[in-house]
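Respectively, the protein sequence lines represent chains A and B. Numbering of the first sequence is given in this note's numbering, commencing with residue 247 and proceeding in unit increments. Numbering of the second sequence is given in this note's numbering, commencing with residue 84 and proceeding in unit increments. Think of the CB as a built atom: it goes at the ideal place given N, C-alpha and C, for glycine as much as any other residue. Computed from a prediction, not measured in an experiment: that's the story for all the values here.
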Amino acid sequence: MTWLHRHRWLTPYLLLAPGLLWLGAFFIAPLGVLAYQSLQSGTFDFGYTFSWEFYNYWDAITRYKGHLARSFLYAGLATVLALVISYPLAYWIAFRGGRWKNLLLLAIIAPFFVTYLIRTLAWQNILADEGTVVGVLRDLHILEPDGRLLATSTAVVAGITYNFLPFMALPLYVALEQIDPRLIEAAQDLYASRVKAFLRVTLPLSLPGVFAGTLLTFIPAAGDFINAQLLGTPKQHMIGNVIQSKYLELIDYPAAAALSFILMAAILIGVIAYSRALGTERLTG
Amino acid sequence: MTVRAEPVRLPRRRRGVLAFLRQHALTAYAILAFVYLLLPIAVVIAFSFNDPRGRFNYVWQGFTLENWRNWDAVPGLRDAIVLSLQVAAVSSILATALGTLIALALARYGFRGRGATNFLIFLPMSTPEIVLGASLLALFLNLQFATGFTTIVIAHIMFNISYVVVTVKARLAGFDRHLEEAAMDLGANEWTTFRKVTLPLIAPGILAGFLLAFALSVDDFVITYFNSGSEVTFPLFVWGAARVGAPPQVNVIGTAIFVLALAAMAANILIQSRRAKQSKGIA
Numbered sequence: 247m248t249w250l251h252r253h254r255w256l257t258p259y260l261l262l263a264p265g266l267l268w269l270g271a272f273f274i275a276p277l278g279v280l281a282y283q284s285l286q287s288g289t290f291d292f293g294y295t296f297s298w299e300f301y302n303y304w305d306a307i308t309r310y311k312g313h314l315a316r317s318f319l320y321a322g323l324a325t326v327l328a329l330v331i332s333y334p335l336a337y338w339i340a341f342r343g344g345r346w347k348n349l350l351l352l353a354i355i356a357p358f359f360v361t362y363l364i365r366t367l368a369w370q371n372i373l374a375d376e377g378t379v380v381g382v383l384r385d386l387h388i389l390e391p392d393g394r395l396l397a398t399s400t401a402v403v404a405g406i407t408y409n410f411l412p413f414m415a416l417p418l419y420v421a422l423e424q425i426d427p428r429l430i431e432a433a434q435d436l437y438a439s440r441v442k443a444f445l446r447v448t449l450p451l452s453l454p455g456v457f458a459g460t461l462l463t464f465i466p467a468a469g470d471f472i473n474a475q476l477l478g479t480p481k482q483h484m485i486g487n488v489i490q491s492k493y494l495e496l497i498d499y500p501a502a503a504a505l506s507f508i509l510m511a512a513i514l515i516g517v518i519a520y521s522r523a524l525g526t527e528r529l530t531g
Numbered sequence: 084m085t086v087r088a089e090p091v092r093l094p095r096r097r098r099g100v101l102a103f104l105r106q107h108a109l110t111a112y113a114i115l116a117f118v119y120l121l122l123p124i125a126v127v128i129a130f131s132f133n134d135p136r137g138r139f140n141y142v143w144q145g146f147t148l149e150n151w152r153n154w155d156a157v158p159g160l161r162d163a164i165v166l167s168l169q170v171a172a173v174s175s176i177l178a179t180a181l182g183t184l185i186a187l188a189l190a191r192y193g194f195r196g197r198g199a200t201n202f203l204i205f206l207p208m209s210t211p212e213i214v215l216g217a218s219l220l221a222l223f224l225n226l227q228f229a230t231g232f233t234t235i236v237i238a239h240i241m242f243n244i245s246y247v248v249v250t251v252k253a254r255l256a257g258f259d260r261h262l263e264e265a266a267m268d269l270g271a272n273e274w275t276t277f278r279k280v281t282l283p284l285i286a287p288g289i290l291a292g293f294l295l296a297f298a299l300s301v302d303d304f305v306i307t308y309f310n311s312g313s314e315v316t317f318p319l320f321v322w323g324a325a326r327v328g329a330p331p332q333v334n335v336i337g338t339a340i341f342v343l344a345l346a347a348m349a350a351n352i353l354i355q356s357r358r359a360k361q362s363k364g365i366a
């Protein structure tokens, strides 16, 4: 204890050490190993050796550009849908929820209490060919008599949207809840129409929530492979499905590792571009 | 601010048909959104009482309690649940300990490398799970470390630390340091102060972090899938079962987890609000 007293500056580092060492060993180091693996060449039978094989990246991009594009398309669509669904919902809870706010919030995160795989299977059930939804849509002639929902892109996007929606709704709610209603009243007292008050006051103030929610939804959505696996067919497979099968079934480590980094890099570029765009909007808006 | 001008508020005209519609359109939209959010949960619960013919639990055939009565009639299900609970218990306790220490350091000390630490905590949460899982497996493969119970626990601690840090830090942010100074002034040493003052005050935050870690651990599929070896946790069991048609018992366990999590959440809210009332009473 006395030694510690003399070296008080050490205390924070001692508190940090165990946790950060863990993250260093099992988060940072693995990324290093993955990078190393992505530059290997060879085959499963003869073993893989390190050889600065940057071609792996090029090969992965050209071969799986369809999967990459689909991942970002699905994740983008799901993010927009989640925003469209949850913004009015979060707005309603924040401004009209009254004393039921906490209960309504609980209802928003309720899907998280059902195991991820099980709630995806529930969508399999809802969208199944024998299910009510398909039946009604067929009767209304929205779907062809032999039209399907399951095993289509629609099903995969719907599943992704549902599974990550709370990630969007919660930050939106937090941002909207913090807005002082008097600001909106002030705008209306100054003869702003309700629409204008919303566009000039509420929306700009809620942008941090939109930003956080979009990232929290988009990032896991882009790497997801469960929805495509359970609700789609190989035609809907995303980059996550390729990484998963390369790593665990085909044992093609270099390609899987290269794809992982391509996914991370693409997400990073997207996030930076997006934060730039929204940042300038916030300055000018 | 000494401006005291009370805004002269004219009663806003809201009686127009359009305004009425608009107001209720929002409510209707919110109700529809809630239906959308809760429908799959209702399906999970309902189909835990289904009496399916054949191996697909897709079509409603009739009500039965058999699935609940024989919840472990499916081979491997009980073992999977036990394994999931073991992994969750061990990994969330350790992640809570490691994460709480980091949160303490971040919330109460200014030190060199604070920004970098915050960034390092944020990073695992913003990395796709599949990359976390694949990279960890790459490490174990290179070290020729056999995957199994240990590697699942290692992985779960890794992804849970950040969530615990964020949760506990939120609690520490509203912490009144004067309370600790008062204890020290009254002659308590640092350890006693920590044990008798700091710990009880941040205990709800730690508990919340622990519960979150536990829930994330029980629910995790992707990272576990990569690092489980031949072990089967509950989500992995569901994955395997889904390929041949998941039995209704899967819905039974899903419903049970849902109800337990909801109860824990409700209890947490209740305790928090009671504590808030108590501390108000003292003040």
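- With a threshold of 8 Å between beta carbons, residue 257/A makes contact with chain B.
- At least one C-beta of chain A is nearer than 8 Å to the C-beta of residue 185/B.
- Those residues of the region 359–372 of chain A placed with their C-beta closer than 7 Å to a C-beta in chain B are 359, 360, 361, 362, 363, 364, 365, 367, 368, 369, 371 and 372, ordered along the chain.
- Assignment of residue 103/B by DSSP, reduced to helix, strand and coil, places it in the helix class.
- Beta-carbon to beta-carbon, residue 340/B and residue 359/A are separated by about 7 Å, close enough to satisfy the 8 Å threshold.
- Between residue 464/A and chain B, the shortest Cβ-Cβ separation is not below 8 Å.
- Interface annotation, residue 437/A: not in contact with chain B, CB-CB separation never under 8 Å.
- As DSSP reads the structure, residue 289/A sits in a beta bridge with 293/A.
- For residue 225/B, the nearest CB of chain A lies under 8 Å from its own CB, placing it at the interface with that chain.
- In this model, residue 117/B and residue 269/B are separated by some 53 Å (Cα to Cα).
- According to the DSSP assignment, residue 326/B belongs to the alpha helix (DSSP H) that extends over 317–327.
- For residue 245/B, the enclosing alpha helix (DSSP H) covers residues 232–256.
- Secondary structure at residue 117/B: helix, using DSSP grouped into helix, strand and coil.
- Straight-line spacing of the CA atoms in residue 438/A and residue 452/A works out to 18 Å.
- The Cβ atoms of residue 275/A and residue 467/A do not sit closer than 8 Å to each other.
- For residue 299/A, there is no enclosing alpha helix (DSSP H), as DSSP marks it with neither H nor E.
- A distance of 8 Å or more separates the beta carbons of residue 226/B and residue 310/B.
- For residue 210/B, the chain A residues whose Cβ falls inside 9 Å of its Cβ are 273, 277, 465, 469, 510 and 513, in order along the chain.
- Listed in chain order, the positions of the region 230–244 of chain B with a beta carbon within less than 9 Å of a beta carbon of chain A are 237, 238, 240, 241, 242 and 244.
- Residue 357/A has a beta carbon lying within less than 8 Å of a beta carbon in chain B.
- Those residues of the region 249–275 of chain B placed with their C-beta closer than 7 Å to a C-beta in chain A do not exist.
- If you compare the alpha carbons of 136/B, 151/B, 152/B and 153/B with that of residue 145/B, the shortest gap goes to 136/B.
- For residue 307/B, no chain A residue has a C-beta closer than 7 Å to its own C-beta; the minimum C-beta separation is roughly 11 Å.
- CA-CA distance, residue 247/B to residue 238/B, rounds to 15 Å.
- Going by beta carbons, residue 505/A and residue 306/A fall inside the 8 Å limit.
- Not one beta carbon of chain A lies nearer than 8 Å to the beta carbon of residue 293/B.
- In the structure shown, residue 153/B adopts coil according to DSSP, grouped into three states.
- The C-alpha of residue 340/A lies about 13 Å from the C-alpha of residue 455/A.
- DSSP, reduced to helix, strand and coil, places residue 139/B outside both helices and strands of the structure shown, so it counts as coil.
- By the Cβ neighbour-count rule, residue 349/A is exposed, with fewer than 16 other Cβ atoms within 10 Å of its own.
- With contacts defined as CB atoms closer than 8 Å, residue 190/B and residue 256/B qualify as a contacting pair.
- Look at the beta carbons and you see the region 263–281 of chain B not touching the region 208–217 of chain B: under three pairs across the two are nearer than 8 Å.
- Each of 302/B, 313/B and 192/B was checked against the Cα of residue 260/B, and the nearest Cα belongs to 192/B.
- Here residue 133/B carries a strand assignment [DSSP, helix/strand/coil].
- With fewer than three CB-CB distances shorter than 8 Å, the region 320–338 of chain B does not count as touching the region 384–392 of chain A.
- By the Cβ neighbour-count rule, residue 127/B is buried, with 16 or more other Cβ atoms within 10 Å of its own.
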